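Participant: The structure under discussion is supplied below as structure tokens; questions concerning it will follow.
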Amino acid sequence: MSPATGASGLIRVEGSDEDAKTVFYTSLYRICERMVCLTEGDRYFSAYDGKVHTDTIPFYTDDWVWDTYHAAHPLRVLVESEKETDMLRSYIRMAEQLDPQWMPTFPEVTGDSRRMNCNHSGAAGTAYATGHKTHNGAIGVDINDKPLKNIPEIIDGLGYVSGVITTDGIDGCTPSVFFAHQPELHMSEEIWGDLADARLSFIAGGSHNAFENQEYETRDAIEKRYKVVSSLDEIPDKAKRVAYLPEKEEVCSIADGRGDFLPATTEYAIEFLDSHPENEKGFFLMVEGARIDKSCHNNDFGTAVLEVLDFDKAVEAAVRFAEKDGNTLVIITADHETGALSLRGKDNKSGKIKGLFASRGHTPIMVPLFAYGPMSLEFAGVQENTDVNHKIVNLLSSAAKDKRKKRD
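Counted the way the working numbering counts, the sequence shown spans residues 1240 to 1647.
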């Protein structure tokens, strides 16, 4: 197979494997299909403002960003820099033509489709939970869909107990990566089924209604491992494993009346795990304020603020325990940013500020990473999400070895 003309004609692969060459040149041809030039005779129609424009600079759109930003755009900088410059100028023109103005996230001929150009929570959460990168949609499995050990499984048997809390459903991406192993995030029934084998002593989230809708075999297996309750008051004093599944109204949006579920459950879980009879070395607890993400998907700035404030109360419960305990590390981060949120228009008199979203999906914007307590400096600076997992596991493993030495 001979190289095609254009960008692909500037690259030649040497070697004797003709099949590999065919695959390479075919892939190269495919990525060079985007972006598409709409200019004819110095004129083009833009769906971004619905007008015909006259411009001597070619106008490009229809950029399948999932496929192009990793490979095609960097490649064109090297082999077709003038065309790449025109493409970047086209992004600016599309942004200027949109009302309100924003940079397109997934530009098509028909306009900006505003899709997610970043990892789903499943893949990002799996990186935090297991220390391994994986494909989008994965829950606790690698790129070949083979199960990966999560933190509760890794530290099981080392004298630790673990827990998970979320304002999402138990089968949501972030909670499930700490106990489930499924190739797709939409496999709700299978994820619920994995809960019966989870290495968790405490789990809380939505909802009792969802639990009741599972198959009898799934519910029976979960009830054999956990004391399933719909309120904290129902938990027996000597319970070793608890699944707190409130009614769905109690894990709704804070704007719809969720109340103090998240901070109250966080405080309870800390006490439960700290005093657990199987706790010899300490505990691991993951707490998720899931509806921050959902509010940002809806571009609902007011509710997003309320959700962050509610999550802050849960953080306070953890920090207060850490201050008292003196040997607890608290880490606060996110698996991704949502909505490309920026703050605009501060009013000093009213004390109000405007939140402006540029997307309804996940974005590649870097997320903050805060840490408080012993060894918190290990989490300073820019680092991979997998590094956060490796450091947590190393700290817990080292602490377990130190305590074994002292006991010996």
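No residue lacks a Cβ here, since even glycine has one placed at the ideal position from N, Cα and C. Computed from a predicted model, the values in this text were never measured in an experiment.
Count the CB pairs spanning the stretch 1419 to 1427 and the stretch 1537 to 1544 that are closer than 8 Å, and state whether there are at least three.
Facilitator: With the cut-off at 8 Å, the stretch 1419 to 1427 and the stretch 1537 to 1544 do not touch.
Participant: If you check the beta carbons only, do Asn1389 and Gly1379 fall under 8 Å apart?
Facilitator: Taking the sequence shown and counting its residues from 1, the one referred to as residue 1389 is at position 150. Taking the sequence shown and counting its residues from 1, the one referred to as residue 1379 is at position 140. Yes; because the gap between Cβ atoms is below 8 Å, this pair is in contact.
Participant: Would you call Phe1441 buried or exposed, if buried means 16 or more other Cβ atoms sit within 10 Å of its Cβ?
Facilitator: Position 202 of the sequence shown, counting from 1, holds the residue named residue 1441. When all chains shown are included, Phe1441 counts as buried.
Participant: Would you report the Cα separation of Ala1503 and Lys1640, rounded to the nearest angstrom?
Facilitator: Along the sequence shown, read from residue 1 onward, the residue named residue 1503 stands at position 264. Along the sequence shown, read from residue 1 onward, the residue named residue 1640 stands at position 401. Whole-angstrom Cα-Cα distance: 33 Å.
Participant: Between Tyr1268 and Leu1277, is the Cβ-Cβ spacing less than 8 Å?
Facilitator: Within the sequence shown, the letter at position 29 stands for residue 1268. Within the sequence shown, the letter at position 38 stands for residue 1277. No. Outside cutoff.
Participant: Counting along the chain, where does the beta strand (DSSP E) carrying Asp1325 start and finish?
Facilitator: Indexing the sequence shown from 1 puts residue 1325 at position 86. Unbroken run through Asp1325 is the alpha helix (DSSP H), Ser1320 to Gln1336; no beta strand (DSSP E).
Participant: To which residues does DSSP link Tyr1299 through a beta bridge?
Facilitator: Here the question's residue 1299 lines up with position 60 in the sequence shown. Cys1276, per the DSSP bridge assignment.
Participant: Taking the beta carbon of Trp1252 as the centre, do at least 16 other beta carbons fall within 10 Å, making it buried, or is it exposed?
Facilitator: Residue 1252 sits at position 13 when you count from the first residue of the sequence shown. The residue asked about is misnamed: residue 1252 is Val in this sequence, not Trp. By the 10 Å Cβ count, Val1252 comes out exposed.
Participant: Let's test the definition: count the other Cβ atoms within 10 Å of the Cβ of Ala1437 and tell me whether it reaches 16, buried, or not, exposed.
Facilitator: Taking the sequence shown and counting its residues from 1, one reaches residue 1437 at position 198. Flag for Ala1437 reads buried.
Participant: What number of angstroms, rounded off, separates the C-alpha of Ser1352 from the C-alpha of Thr1344?
Facilitator: If you number the sequence shown from 1, residue 1352 lands on position 113. If you number the sequence shown from 1, residue 1344 lands on position 105. Approximately 7 Å between the Cα atoms of the pair.
Participant: What's the gap between the Cα of Ala1243 and the Cα of Thr1625?
Facilitator: Against the sequence shown, residue 1243 aligns to sequence position 4. Against the sequence shown, residue 1625 aligns to sequence position 386. Its pLDDT being 42, under 50, Ala1243 is placed unreliably in this model, and the value from its coordinates should be taken loosely. Taking the straight line from one Cα to the other gives about 39 Å.
Participant: If the criterion is Cβ atoms closer than 8 Å, does the pair Leu1434 and Ile1404 meet it?
Facilitator: Working through the sequence shown from its first residue, we reach residue 1434 at position 195. Working through the sequence shown from its first residue, we reach residue 1404 at position 165. The answer is no: Cβ separation not under 8 Å.
Participant: Does Pro1603 pass the burial test, meaning 16 or more other C-beta atoms within 10 Å, or should it be called exposed?
Facilitator: Reading the sequence shown from its first residue, position 364 is the one you call residue 1603. Its Cβ having fewer than 16 others within 10 Å, Pro1603 is exposed.
Participant: Between which two residues does the beta strand (DSSP E) containing Arg1583 stretch?
Facilitator: Position 344 of the sequence shown, counted from the first residue, corresponds to residue 1583. Where Arg1583 is concerned, the enclosing beta strand (DSSP E) stretches over Ser1581 to Asp1586.
Participant: Could you compute how far the alpha carbon of Thr1457 sits from the alpha carbon of Phe1450?
Facilitator: As a first step, residue 1457 must be located in the sequence shown, where it is residue number 218. As a first step, residue 1450 must be located in the sequence shown, where it is residue number 211. Distance between the alpha carbons of Thr1457 and Phe1450: 9 Å.
Participant: Which residue from Ser1598, Cys1491 and Ala1610 puts its Cα closest to that of Ala1573?
Facilitator: By 1-based counting over the sequence shown, the position of residue 1573 is 334. That would be Ala1610, whose Cα lies nearest to the Cα of Ala1573.
Participant: Measure the alpha-carbon distance for Glu1489 versus Gly1498 and round it to whole angstroms.
Facilitator: Numbered from 1 along the sequence shown, position 250 holds the residue referred to as residue 1489. Numbered from 1 along the sequence shown, position 259 holds the residue referred to as residue 1498. Their Cα atoms are separated by approximately 7 Å.
Participant: To which residues of the same chain is Asp1532 closer than 6 Å at the C-beta, ignoring the five residues directly before and after it?
Facilitator: Working through the sequence shown from its first residue, we reach residue 1532 at position 293. Excluding sequence neighbours, Asp1532 sits near Thr1577.
Participant: What's the C-alpha gap between Met1525 and Arg1273?
Facilitator: Taking the first residue of the sequence shown as 1, we reach residue 1525 at position 286. Taking the first residue of the sequence shown as 1, we reach residue 1273 at position 34. Rounded to whole angstroms, Met1525 to Arg1273 spans 41 Å at the Cα level.
Participant: For Gly1498, which three-state DSSP category applies?
Facilitator: The sequence position of residue 1498 within the sequence shown is 259, counting from 1. Three-state DSSP puts Gly1498 in coil, outside helix and strand.
Participant: Beta strand (DSSP E) containing Leu1267: first to last residue?
Facilitator: To locate residue 1267, count along the sequence shown from 1; it is residue 28. It is not in any beta strand (DSSP E) - Leu1267 instead sits in the alpha helix (DSSP H) that spans Glu1257 to Ile1270.
Participant: Thinking C-alpha only, which one of Phe1511, Ser1266, Ser1636 and His1575 is nearest Ala1478?
Facilitator: Start at 1 with the first residue of the sequence shown, and residue 1478 comes out as number 239. Out of Phe1511, Ser1266, Ser1636 and His1575, Phe1511 has the C-alpha closest to the C-alpha of Ala1478.
Participant: What does DSSP give as the partner residues of Arg1282 in its beta bridges?
Facilitator: For the purposes of this step, residue 1282 is taken as residue 43 along the sequence shown, with counting starting at 1. DSSP, once it has assigned bridges, lists Glu1279 and Thr1293 as partnering Arg1282.
Participant: On the DSSP letters alone, give me the boundaries of the alpha helix (DSSP H) that Val1481 sits inside.
Facilitator: As a first step, residue 1481 must be located in the sequence shown, where it is residue number 242. Taken as a continuous stretch (DSSP letters only), Val1481 belongs to no alpha helix (DSSP H), being part of the beta strand (DSSP E) at Val1481 to Tyr1483.
Participant: Do you know how far the Cα of Thr1324 is from the Cα of Ser1401?
Facilitator: Counting from one through the sequence shown, the residue named residue 1401 turns up at place 162. Counting from one through the sequence shown, the residue named residue 1324 turns up at place 85. Taking the straight line from one Cα to the other gives about 51 Å.
Participant: Could you tell me which residues DSSP pairs with Ile1571 in its beta bridges?
Facilitator: As a working note, residue 1571 is residue 332 in the sequence shown. Beta-bridge pairing links Ile1571 to Phe1609.
Participant: Looking at C-alpha atoms only, which residue of Ile1296, Gly1289 and Tyr1287 is the closest neighbour of Asp1193?
Facilitator: What the structure shows of the chain is the stretch from 1240 to 1647, and residue 1193 is not part of that stretch, so it cannot be assessed.
Participant: Using the Cα positions of Leu1580 and Lys1487, report the straight-line distance between them to the nearest angstrom.
Facilitator: Here the question's residue 1580 lines up with position 341 in the sequence shown. Here the question's residue 1487 lines up with position 248 in the sequence shown. Spanning the two alpha carbons is a distance of roughly 28 Å.
Participant: Asp1549 and Leu1608 - do their beta-carbons sit closer together than 8 Å?
Facilitator: Along the sequence shown, read from residue 1 onward, the residue named residue 1608 stands at position 369. Along the sequence shown, read from residue 1 onward, the residue named residue 1549 stands at position 310. Not closer than 8 Å, so no.
Participant: Should Tyr1455 go down as buried or exposed, given a rule of 16 or more other Cβ atoms within 10 Å for buried?
Facilitator: Reading the sequence shown from its first residue, position 216 is the one you call residue 1455. Tyr1455 is exposed by the Cβ-count criterion.
Participant: Just the C-alpha distance for Thr1373 and Ala1366, rounded to the nearest angstrom, thanks.
Facilitator: Counted from its first residue, the sequence shown places residue 1373 at position 134. Counted from its first residue, the sequence shown places residue 1366 at position 127. The straight-line gap from Cα to Cα measures roughly 7 Å.
Participant: For Gln1336, which residues from the same chain have a beta carbon less than 8 Å from its beta carbon, with the 5 sequence-adjacent residues on both sides left out?
Facilitator: As a position in the sequence shown, residue 1336 is number 97, starting the count at 1. Ser1285, Tyr1287, Asp1288 and Lys1290.
Participant: Thinking just about the alpha-carbon of each residue, which of Val1275, Pro1313, Leu1314 and Val1316 is nearest to the one in Thr1300?
Facilitator: Numbered from 1 along the sequence shown, position 61 holds the residue referred to as residue 1300. When each option's Cα is compared against that of Thr1300, the closest is Val1275.
Participant: Look up Ile1343 in the DSSP assignment and say whether it is helix, strand or coil.
Facilitator: Along the sequence shown, one-based indexing puts residue 1343 at 104. Note that residue 1343 is Pro in the sequence shown here, rather than Ile. Of the three classes helix, strand and coil, the one that applies to Pro1343 here is coil, per DSSP.
Participant: Could you name the residues of the same chain whose beta carbon sits closer than 6 Å to that of Pro1386, not counting the 5 residues immediately before and after it, in chain order?
Facilitator: To locate residue 1386, count along the sequence shown from 1; it is residue 147. Same-chain partners within the cutoff: Val1380 and His1420.
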